[in-house]
Each structure stands twice: as C-alpha cells, then as structure tokens.
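Residue numbers (my numbering), protein chains in the order written: chain A, 1 to 116; chain B, 1 to 114. Glycine included, C-beta positions come from ideal geometry on N, C-alpha and C. Input: a single structure, listed below in structure tokens.
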Amino acid sequence: AQKITQTQPGMFVQEKEAVTLDCTYDTSDPSYGLFWYKQPSSGEMIFLIYQGSYDQQNATEGRYSLNFQKARKSANLVISASQLGDSAMYFCAMRVLNQAGTALIFGKGTTLSVSS
Amino acid sequence: DAMVIQNPRYQVTQFGKPVTLSCSQTLNHNVMYWYQQKSSQAPKLLFHYYDKDFNNEADTPDNFQSRRPNTSFCFLDIRSPGLGDAAMYLCATSSGGVGTYEQYFGPGTRLTVT
C-alpha cells in the first residue's frame with residue numbers, strides 16, 4: 001500500500017535554530033516523487049521542495065533541504081535558521097499513480113511553532 | 001502573476017442546499033484537481049481533470065460533482081451538502097507533463113454548512 005507517515009504532530013523550535021521534520025513513505029513503484037508543502041493558518045498550500053526517486057543528490061531550496069534516504073524510505077525536511085514566519089503546518093506528500101491517474105497522497109502533517 | 005484563484009474564499013450554505021465552488025488558473029495547466037481538507041487533517045483528493053478527461057477517486061461520494069468547461073476554469077458542485085461536508089476545499093493544477101508534476105494550489109474555499 002502507498003502511504004506517507006509523519007510521526008510528529010507538533011514541533012517547537014527557537015528562531016535561528018535548525019529543525020528536522022520527519023517523513024517516511026511506502027511504495028512499491030520504482031518511480032515516485034516526494035514533496036513538502038507548507039500550509040499557514042490562511043489555508044493555502046505552498047510548495048517548498050521536491051525530490052524524485054532517481055535523483056542522486058538531496059534537493060535544496062534556500063533554507064529548505066530534503067534529507068532523502070532511499071533505503072530507509074525517508075524524506076525528512078530540514079529548515080535551517082528558523083524564522084517566525086515558518087510557523088505553519090507542514091505536509092509531506094508523495095506522487096502516486098492510481099486508477100484515476102496521477103495524484104498526491106499526503107501525510108497527516110506536522111505543526112511547527114517557532115518562538116523568539 | 002500566473003496563479004490559481006478560488007472564489008469565494010468563504011462560503012456558507014444551508015444543509016441540503018446545492019453549492020458551487022469555483023477555481024480558475026492562468027498557468028495554462030492541463031490538470032486540475034479538487035481536494036477536501038477537514039479540520040486538522042491532510043488534504044484528500046476528490047477528483048481531477050486531465051484536459052477534458054474526468055477522473056474520479058473511488059471513494060468520492062456521488063454528492064460531489066465537477067465541471068471543467070474550458071482549460072482555465074473548474075467547478076466543484078455539492079448537490080446536497082451535509083454537515084460532514086464542512087471543510088476547506090483546495091483546487092490545484094499541474095502541467096501533467098513529464099517531470100516534477102508539482103501541483104500549484106489555490107488559497108482554498110472554506111465551506112460552512114448550517
């Protein structure tokens with residue numbers, strides 16, 4: 001079964017510190033993609049970073065990096081130098097192919113709170 | 001700026017009264033998705049269009065329908081809303097081509113059913 005697991009309901013970090021949000025996945029497809037989205041209280045989903053299953057290097061986008069460990073089926077998000085504006089819900093998602101086509105399945109999310 | 005737009009941002013409807021949520025995009029993407037996100041839960045895909053081809057998820061209730069009259073617009077119709085349909089409804093688009101398949105989300109419509 002294809003599944004995304006985020007085991008941290010909430011994480012707390014101080015400004016300027018780094019934080020790691022955990023994500024593990026399960027799929028039998030050799031080709032897949034992993035995404036991280038940020039959802040502030042306003043509700044919109046903001047794309048942060050993408051990792052393809054065949055990508056040799058870990059993805060990085062500014063302060064965001066993805067620690068991709070294929071053998072362990074994990075795709076943790078690392079946020080360096082946290083800012084107050086990083087406080088939000090973070091979702092890990094996987095691109096899957098189902099009967100209806102291409103879709104994203106999401107984990108349950110992790111709420112990140114950044115304090116000064 | 002190219003974007004995904006959802007109107008209205010907040011919608012209140014009465015139990016059993018049909019309601020339509022709209023989504024438009026200026027990205028010229030082939031694929032448009034509708035997700036339902038209940039409070040403190042992950043988004044759940046309801047259905048999507050690849051161009052004019054409609055793809056329904058197996059567990060999407062019949063109460064939910066969708067229309068895509070052209071590339072830019074997609075509508076979500078809830079024929080007889082129940083209290084359990086109160087949620088955030090997110091529209092997303094993707095190019096559908098080979099590559100990242102990144103989905104671009106709109107700001108969502110928060111539906112309240114009274």
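Check                                                                                                                                                                          : Outcome
Output, in chain order, the set of chain A residues within a Cβ distance shorter than 7 Å of proline 18 of chain B.                                                            : By Cβ distance, chain A contributes nothing, its closest Cβ being about 23 Å from proline 18 of chain B, past 7 Å.
Use the C-beta contact count for serine 40 of chain B: other C-beta atoms within 10 angstroms, 16 or more gives buried, fewer gives exposed.                                   : exposed
Does the beta carbon of proline 8 of chain B come closer than 9 Å to any beta carbon on chain A?                                                                               : no
In or out: serine 66 of chain B buried (at least 16 other Cβ within 10 Å) or exposed?                                                                                          : buried
Measuring alpha carbon to alpha carbon, tell me which of A:Leu84, A:Phe91, A:Gly107 ends up nearest alanine 18 of chain A.                                                     : A:Leu84
For chain B, find out if any of its Cβ atoms is closer than 9 Å to the Cβ of serine 42 of chain A; answer yes or no.                                                           : yes
Who are the near neighbours of threonine 111 of chain A in its chain, counting only those whose CB is closer than 6 Å to its CB and skipping five residues on each side?       : Gly10, Met89
Which residue comes first and which comes last in the beta strand (DSSP E) that contains lysine 70 of chain A?                                                                 : Unbroken run through lysine 70 of chain A: none, as it is neither H nor E.
At the 9 Å Cβ level, is glycine 10 of chain A part of the contact set with chain B, yes or no?                                                                                 : no
Please name the residue, chosen from A:Gln14, A:Gln56, A:Trp36, A:Val114, that lies closest to threonine 24 of chain A on a Cα-to-Cα basis.                                    : A:Trp36
Residues of chain A with a CB under 7 Å from the CB of phenylalanine 64 of chain B: which are they?                                                                            : Correct list: empty, because the minimum Cβ distance to chain A is about 14 Å.
Suppose the cutoff is 6 Å on Cβ atoms and the five residues either side in sequence are ignored; what does the same chain contact list for asparagine 56 of chain B look like? : Phe47
Answer with buried or exposed for alanine 42 of chain B, where buried requires no fewer than 16 other C-beta atoms within 10 angstroms of its C-beta.                          : buried
Pull the bridge partners of asparagine 76 of chain A from the DSSP assignment, please.                                                                                         : A:Asn67
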